[in-house]
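**Student:**
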Amino acid sequence: MATQHESVPPTDEDIKQRINQQIQLTQSLFKETEKTTFPQSLKVSVKLQDEYGDVLHLAQNASEVDVTDMISPLIQQSVEKKKTNKTLPQKRLSSAIVLADIASDKSSKEEGQSGNILSSSELVQFNDTKSLALREKRQKREWNNKPTWHAPWKLMRVISGHNGWVRSIAVDCSNEWFAAGGTDRTIKVHDLASGQLKLTLTGHISAIRGLAVSARHPYLFSVGEDKTVKCWDLEKNKCVRQYHGHLSAVYCCALHPTLDVLVTGGRDSSARVWDLRTKEQIFLLSGHGDTVGSVIAQSCDPQIVTGSQDSTVRLWDLRTGKTRATLTNHKKSVRALAVHPNEYTFASASSDHLKKWQCPDGVFLQNFTGHEKIINTISVNADNVLVSGSDDGGLYFWDWNSGYNFHKTQTIPQPGSLDSEAGIFCSTFDQSGSRLLTGEADKTIKVWKEDETATPETHPIDWKPQRNLKRY
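First residue of the sequence shown: 1, per the UniProt record's numbering; consecutive thereafter.
Listed below in structure tokens is the structure:
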């Protein structure tokens, strides 16, 4: 039996009719306001309050007031908010642009030409979103800092006495004497002011490669190719301790400035941390793939930095004895490291580049380009002068902040030496930073100082910003 009420599917006409009914119902709801118009004055006031509300109180008529007086409060307000790490609203930028346009129209009426009151560098103060172009401009400005003027350096004194290459130099913390070690297996202590020999220490059976003077104890530490680390008591003038553990020649050493620990590195691809008092090895810092040729220590993290012939620089955490960061920017062996005495930065030297890094994570800062030889040593003083010495006798002086090479000179082998014996193996500044000591292949120690007669007029800065700077 068929059902009496069967459902009939809707047709297209039914659907269209239903849609039209809904549209008419919607239109009837807003029929009363359909033809309502807002006055132009209301539109203008809303737009003024929305876009120019921050500057409406400055003047009723901008053409009757000096535009610079109107803009200066905005600039001052922007600077104050920058100091408190607050950002201005985005509409502040449009307000400044409008004022600049007003000033442009005013100047064009008076002088027949248009000009901008605000430069791009001033407008960026109102913009909380940094555009790519302005960010690149700021980066170029940071990477092209104008160098500070430094006086050139000249040779002051030549000290002889060693019978072999001078491979290491260390200056006493009192700035009264310095010690030098060489391939003749001796350590010679000289008076810093006069250069006279005061003491000769013997005991190593091979070349001496590193020296370190303690600031809190009357101790001098030396490392050599005989695999030994020796501690010399300068009050008794004899060796009082030896630290055993390296499996091959030891090439570098450094004392921690605040802790009683000594760090050494050598040909066994490791760096070792020693307790000065107990002679015990605290940490074995392994991870390099080749000889550790340079090491520096500082009181802040990273407390130890090592450079190796595997072309890497490693930053170590002394609390755990583990690697904090590994820097792989160098493409050739890293032969020297130097830490800035006042800044939280350090430099590394290789035959491809000199590089400056930011602690504690080893962020790359800049290259020092121009010294294309094998660099054996670098040193930096508190006056932001970086010096690099190479195996061909070249001595380059750099401005630490800008990377500008303000002076270069060539060491001269002493009479009786061959021209090939012009290499510079080690260098260090004295405690005042006014004298530079270099150990060289002609078996001498040379003392350098600034030229007192030099002035910015006689030795001007010949500097041009580089267009393409490497970011690695």
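Backbone N, C-alpha and C define an ideal beta-carbon position, used for all residues, glycine too. Please read these numbers as outputs of a predicted model, since none were measured by experiment.
Within a Cβ cutoff of 6 Å, which residues of the same chain sit near P360, ignoring the five residues on either side of it in sequence?
**Tutor:** Position 360 of the sequence shown holds residue 360. The residues are D301, P302.
**Student:** Along the chain, where does the beta strand (DSSP E) containing I378 start, and where does it finish?
**Tutor:** On the sequence shown, residue 378 is found 378 positions in, with the first residue counted as 1. Unbroken beta strand (DSSP E) run through I378: 375–380.
**Student:** Considering Cα atoms alone, identify which of D290, K279, L29 is closest to A271.
**Tutor:** On the sequence shown, residue 271 is found 271 positions in, with the first residue counted as 1. For A271, the nearest C-alpha among the options comes from D290.
**Student:** Going by the beta-carbon positions, is the gap between G389 and A422 smaller than 8 Å?
**Tutor:** To locate residue 389, count along the sequence shown from 1; it is residue 389. To locate residue 422, count along the sequence shown from 1; it is residue 422. For G389 and A422, no; Cβs fall outside 8 Å.
**Student:** For a test of the three-state rule: what should DSSP assign to E13, helix, strand or coil?
**Tutor:** Here residue 13 is taken as the residue at index 13 of the sequence shown, counted from 1. If DSSP states are grouped into helix, strand and coil, E13 belongs with the helices.
**Student:** Applying the criterion that 16 or more other CB atoms from any shown protein chain within 10 Å of the CB defines a buried residue, is H244 buried or exposed?
**Tutor:** For the purposes of this step, residue 244 is taken as residue 244 along the sequence shown, with counting starting at 1. Flag for H244 reads exposed.
**Student:** Going along the chain, which residues of its own chain have a beta-carbon closer than 6 Å to the beta-carbon of A338, five neighbours each way excluded?
**Tutor:** On the sequence shown, residue 338 is found 338 positions in, with the first residue counted as 1. Correct list, in chain order: A347, I378, S379, V380.
**Student:** Could you tell me whether the Cβ atoms of V334 and S299 are closer together than 8 Å?
**Tutor:** Position 334 of the sequence shown, counting from 1, holds the residue named residue 334. Position 299 of the sequence shown, counting from 1, holds the residue named residue 299. The answer is no: Cβ separation not under 8 Å.
**Student:** Which one or two residues does DSSP pair with L315 in a beta bridge?
**Tutor:** Here residue 315 refers to the residue found at position 315 when the sequence shown is read from its first residue. V305, A325.
**Student:** Assign T458 to buried or exposed, taking buried as 16 or more other Cβ atoms, counted over all protein chains shown, within 10 Å of its Cβ.
**Tutor:** By one-based count along the sequence shown, residue 458 stands at place 458. So T458 ends up on the exposed side.
**Student:** Select from K198, G265, T186, D172 the residue whose C-alpha is nearest the C-alpha of Y219.
**Tutor:** To locate residue 219, count along the sequence shown from 1; it is residue 219. Here the closest residue by C-alpha is D172.
**Student:** Indicate the three-state DSSP secondary structure (helix, strand or coil) for T453 in the structure shown.
**Tutor:** For the purposes of this step, residue 453 is taken as the residue at position 453 of the sequence shown. Of the three classes helix, strand and coil, the one that applies to T453 here is coil, per DSSP.
**Student:** Identify, in the order they occur along the chain, each residue of the same chain with its Cβ nearer than 6 Å to the Cβ of D275, setting aside the five sequence neighbours on each side.
**Tutor:** Here the question's residue 275 lines up with position 275 in the sequence shown. Hits under 6 Å: I282.
**Student:** Output needed for E111: all residues of its chain with C-beta closer than 6 Å, excluding positions within five of it in sequence on either side, in chain order.
**Tutor:** Residue 111 sits at position 111 when you count from the first residue of the sequence shown. Reliability of the predicted coordinates at E111 is poor, the pLDDT of 43 falling under 50, and no value is obtained from them.
**Student:** Can you give me the C-alpha to C-alpha distance between N401 and N384, rounded to a whole angstrom?
**Tutor:** Position 401 of the sequence shown, counted from the first residue, corresponds to residue 401. Position 384 of the sequence shown, counted from the first residue, corresponds to residue 384. Using only the alpha carbons, I get a separation of about 7 Å.
**Student:** With a CB to CB cut of under 6 Å and the five nearest residues on each side skipped, what residues in its chain are close to T312?
**Tutor:** Translated into the one-based positions of the sequence shown, residue 312 becomes position 312. Excluding positions up to five away in sequence, the list reads T326, T328.
**Student:** May I ask you to report which of helix, strand or coil DSSP gives S432?
**Tutor:** Taking the sequence shown and counting its residues from 1, the one referred to as residue 432 is at position 432. S432 falls in the coil class under three-state DSSP.
**Student:** Can you tell me where the alpha helix (DSSP H) holding S214 begins and where it ends?
**Tutor:** Within the sequence shown, numbered from 1, the residue matching residue 214 stands at position 214. Counting along the chain, no alpha helix (DSSP H) covers S214, and no H or E run does either.
**Student:** Consult DSSP for V55 and reduce its assignment to one of helix, strand or coil.
**Tutor:** Along the sequence shown, read from residue 1 onward, the residue named residue 55 stands at position 55. In the structure shown, V55 sits in coil (DSSP, three-state: anything other than H, G, I, E or B).
**Student:** Note the first and the last residue of the continuous beta strand (DSSP E) segment covering residue 490.
**Tutor:** Not covered by the structure: residue 490. The range shown for the chain is 1 to 472.
**Student:** Check whether the Cβ atoms of A212 and L255 lie closer than 8 Å to each other.
**Tutor:** Numbered from 1 along the sequence shown, position 212 holds the residue referred to as residue 212. Numbered from 1 along the sequence shown, position 255 holds the residue referred to as residue 255. Yes, Cβ-Cβ distance for A212 and L255 is below 8 Å.
**Student:** Span of the beta strand (DSSP E) holding C252?
**Tutor:** By 1-based counting over the sequence shown, the position of residue 252 is 252. Taken as a continuous stretch (DSSP letters only), the beta strand (DSSP E) holding C252 covers 250–255.
**Student:** Report the rounded CA-to-CA distance for D184 versus P341, giving the unit in angstroms.
**Tutor:** Here residue 184 corresponds to residue number 184 of the sequence shown, with the count starting at 1. Here residue 341 corresponds to residue number 341 of the sequence shown, with the count starting at 1. Each residue's alpha carbon lies about 31 Å from the other.
**Student:** Find out if the Cβ-Cβ distance for the pair I205, S168 is shorter than 8 Å.
**Tutor:** Locating residue 205 in the sequence shown gives position 205, where the first residue counts as 1. Locating residue 168 in the sequence shown gives position 168, where the first residue counts as 1. When the beta-carbon positions are compared, I205 and S168 stay at least 8 Å from each other.
**Student:** Taking 8 Å as the cut-off, decide whether the C-beta atoms of E440 and F425 are in contact.
**Tutor:** Within the sequence shown, the letter at position 440 stands for residue 440. Within the sequence shown, the letter at position 425 stands for residue 425. Yes, they are a contact pair.
**Student:** In angstroms, rounded to a whole number, what distance separates the CA positions of Q24 and T11?
**Tutor:** One-based indexing of the sequence shown puts residue 24 at position 24. One-based indexing of the sequence shown puts residue 11 at position 11. Going by the C-alpha atoms only, they are around 20 Å apart.
**Student:** So, with DSSP's three-state summary, where would you put S28?
**Tutor:** To locate residue 28, count along the sequence shown from 1; it is residue 28. Helix.
**Student:** Helix, strand or coil for H459? Go by DSSP, reduced to three states.
**Tutor:** Numbered from 1 along the sequence shown, position 459 holds the residue referred to as residue 459. Residue state, collapsed to three classes: coil.
**Student:** On the DSSP bridge list, what partners appear for L276?
**Tutor:** The count along the sequence shown starts at 1 and reaches residue 276 at position 276. For L276, which the question treats as bridged, DSSP gives no partner whatsoever.
**Student:** Going by Cα to Cα distance, which pick from G321, S160, H371 is closest to T444?
**Tutor:** The residue you call residue 444 lines up with position 444 of the sequence shown. For the options G321, S160, H371, the alpha carbon positioned closest to that of T444 is the one of S160.
**Student:** Does G53 pass the burial test, meaning 16 or more other C-beta atoms within 10 Å, or should it be called exposed?
**Tutor:** Taking the sequence shown and counting its residues from 1, the one referred to as residue 53 is at position 53. By the neighbour-count rule (16 or more Cβ atoms within 10 Å), G53 is not buried but exposed.
**Student:** Mind checking T264: buried by the 16 CB within 10 Å criterion, or exposed?
**Tutor:** Working through the sequence shown from its first residue, we reach residue 264 at position 264. Result: buried.
**Student:** Assign D399 to one of three DSSP states: helix, strand, or coil.
**Tutor:** Against the sequence shown, residue 399 aligns to sequence position 399. Under the three-state reduction of DSSP, D399 is assigned to strand.
**Student:** Which residues bound the beta strand (DSSP E) around S168?
**Tutor:** Locating residue 168 in the sequence shown gives position 168, counting from the first residue. First-last of the beta strand (DSSP E) with S168: 166–171.
**Student:** Name the DSSP beta bridge partners of V229, please?
**Tutor:** Translated into the one-based positions of the sequence shown, residue 229 becomes position 229. In DSSP, V229 forms a bridge with V223, Y243.
**Student:** With a threshold of 16 other CB atoms inside 10 Å of the CB of N367, please say whether the residue is buried or exposed.
**Tutor:** Within the sequence shown, the letter at position 367 stands for residue 367. Under this definition N367 is a buried residue.
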